[in-house]
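Numbering (my numbering), first residue to last: -7 to 179.
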């Protein structure tokens, strides 16, 4: 064991029991339930930076291209510089929680919220590339699961058991499947 976060907390509060860490450029990024996002040096465990967000965090952070992305309970996706923690952009996608971790592909960051909206944003600017409301398509569930991406398709599953296949470039619903029970994990 190189270090233990319990010994390196420095007033960031208890970690969330539903999130996992991300890693990028020598930093381990962790989300704390009370709204703190922190980057720890991967060699020492010392806090490199921390940001106090004004919302609970249940989404795990993801990192790539020198940025950290996280969803929050206000319905936002936030992007931060991995080296400094400086806010790069915030995109509000309504007031429903983004509970699942965003997914990265190419220059896109894709996520879903708890009222059935799936969306992809430009990683650098936060511009909405597409957004699709799925409520009313075979039910009204929300997304707890992170999107899975393969080829030119994005897949996600709502808590009402509806699994979706979307066209990654347009967000068009290509197909649905009824899993006949709740889906809370990522496809």
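C-beta atoms are modelled at their ideal positions from N, C-alpha and C, and glycine is treated no differently.
Pairwise C-alpha distance: residue j and residue i
i	j	result
residue 35	residue 46	29 Å
residue 127	residue 109	8 Å
residue 104	residue 92	7 Å
residue 116	residue 29	19 Å
residue 88	residue 65	7 Å
residue 52	residue 136	12 Å
residue 152	residue 146	18 Å
residue 171	residue 102	22 Å
residue 150	residue 82	24 Å
Rounded Cβ spacing between residue i and residue j (contact assumed at less than 8 Å)
i	j	result
residue 26	residue 48	7 Å
residue 94	residue 54	5 Å
residue 144	residue 161	7 Å
residue 114	residue 99	6 Å
residue 70	residue 84	Not really, about 10 Å apart at Cβ, beyond 8 Å.
residue 31	residue 77	6 Å
Range of the contiguous beta strand (DSSP E) that encloses residue i
i	result
residue 104	100 to 104
residue 42	39 to 44
residue 70	68 to 73
residue 82	79 to 84
residue 49	Segment: none, residue 49 is in no beta strand (DSSP E) and carries neither H nor E.
Residues that DSSP places opposite residue i in a beta bridge
i	result
residue 36	Residue 36 pairs with nothing; no bridge assigned.
Could you tell me which whole alpha helix (DSSP H) segments of length 4 or greater appear in the segment 107 to 157?
none
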